[in-house]
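> Before I ask anything, let me first share the structure, which is written out below as structure tokens.
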Amino acid sequence: MFSFVNIFRIVAFLEGLSYILLLFIATPIKYLAGDPQYVKLLGMPHGLLFVAYIALAVLIKPEFNWTNKEFGYVLLAAIIPFGTFYIDRKYLKSAK
172 MFSFVNIFRI VAFLEGLSYI LLLFIATPIK YLAGDPQYVK LLGMPHGLLF
222 VAYIALAVLI KPEFNWTNKE FGYVLLAAII PFGTFYIDRK YLKSAK
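The sequence shown begins at 172 in the working numbering and counts up one residue at a time.
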């Protein structure tokens, strides 16, 4: 069954993956090879996933009774490479 938590876990994974691809694949290709098409290709989906991650985090905060500090970590994870994977493991995996 789909719940906001399951949807959040999927979005968190996809957001983290798109961020890693953008930072470590597309951006070097743009600056080293002079080809910006990969940044353009990955930029919009990553932006949408980022917004969805933040919105879903706000929606599920009451369900997890996160403190403001924990919620800050969840939000901060969206801008740190591999951060969303850490959040999934630490806070969400036990929520099945």
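Glycine residues also receive a C-beta, built at the ideal position from the N, C-alpha and C atoms.
#1: Provide the residue span of the alpha helix (DSSP H) that contains R180, from first to last.
#2: Mapping DSSP to helix, strand and coil, what is P207?
#3: For the alpha helix (DSSP H) holding I258, just list the boundary residues, first then last.
#4: According to DSSP, is I270 helix, strand or coil?
#5: Count the CB pairs spanning the region 207-221 and the region 181-193 that are closer than 8 Å, and state whether there are at least three.
#6: Kindly indicate which residue of P252, F173 and R260 has the alpha-carbon position closest to the one of I196.
The relevant details are as follows:
#1: That run of the alpha helix (DSSP H) goes F175 to L192.
#2: Here P207 carries a coil assignment [DSSP, helix/strand/coil].
#3: Element bounds for I258: G254 to I258.
#4: Residue 270 lies beyond the range of the chain shown here (172 to 267); nothing can be said about it.
#5: Output reads yes: the region 181-193 touches the region 207-221.
#6: Minimum Cα distance to I196 is reached at P252.
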